[in-house]
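Taking it in order: structure first as structure tokens, then the write-up.
This is the structure:
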């Protein structure tokens, strides 16, 4: 898998903090050809002290949390 650098956008929203949209955050290739990718849009709290590395880490963690909620909508363990 290939983790991309910073091809994301950050949009400031009045009500919800920052909206991070990240197309093709992770790309899986087979024989050099892209076969799967993960894209997401998440909300993160507005914080002037966040570095770009913090935004990357926080937004990916939030995307994983959302996927986990989708897999286990009632919070039930597998």
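In the numbering used here, the protein residues as written are 76 to 153. Heads up, the beta-carbon is just placed ideally off N, CA and C, and yes, glycines get one too.
Check whether the Cβ atoms of residue 142 and residue 117 lie closer than 8 Å to each other. Looking up residue 142 in the chain shown gives position 67. Looking up residue 117 in the chain shown gives position 42. Not in contact: residue 142 and residue 117 (Cβ atoms no closer than 8 Å).
May I ask which residues mark the beginning and end of the beta strand (DSSP E) holding residue 103? Numbered from its first residue, the chain shown carries residue 103 at position 28. First-last of the beta strand (DSSP E) with residue 103: 92-105.
Starting from the C-beta of residue 98, find all residues in its chain whose C-beta is less than 6 Å away, skip the five residues before and the five after it, and write them out in chain order. For the purposes of this step, residue 98 is taken as residue 23 along the chain shown, with counting starting at 1. The residues are 114.
From the DSSP output, in three-state form, read off residue 83 for me. Translated into the one-based positions of the chain shown, residue 83 becomes position 8. Correct three-state label for residue 83: coil.
Counting only the same chain and skipping the five closest in sequence on each side, list residues whose C-beta sits under 7 Å from that of residue 110. For the purposes of this step, residue 110 is taken as the residue at position 35 of the chain shown. Only 103, 104 meet the Cβ criterion.
Spatial distance of residue 133 from residue 106 (CA atoms): In the chain shown, residue 133 corresponds to position 58, counting from 1. In the chain shown, residue 106 corresponds to position 31, counting from 1. Rounded to the nearest angstrom, the two C-alpha atoms are 31 Å apart.
Confirm, please, whether the CB-CB distance from residue 130 to residue 101 is below 8 Å. Counted from its first residue, the chain shown places residue 101 at position 26. Counted from its first residue, the chain shown places residue 130 at position 55. Result no, Cβ atoms of residue 101 and residue 130 do not sit closer than 8 Å.
So, with DSSP's three-state summary, where would you put residue 118? Here residue 118 corresponds to residue number 43 of the chain shown, with the count starting at 1. Correct three-state label for residue 118: strand.
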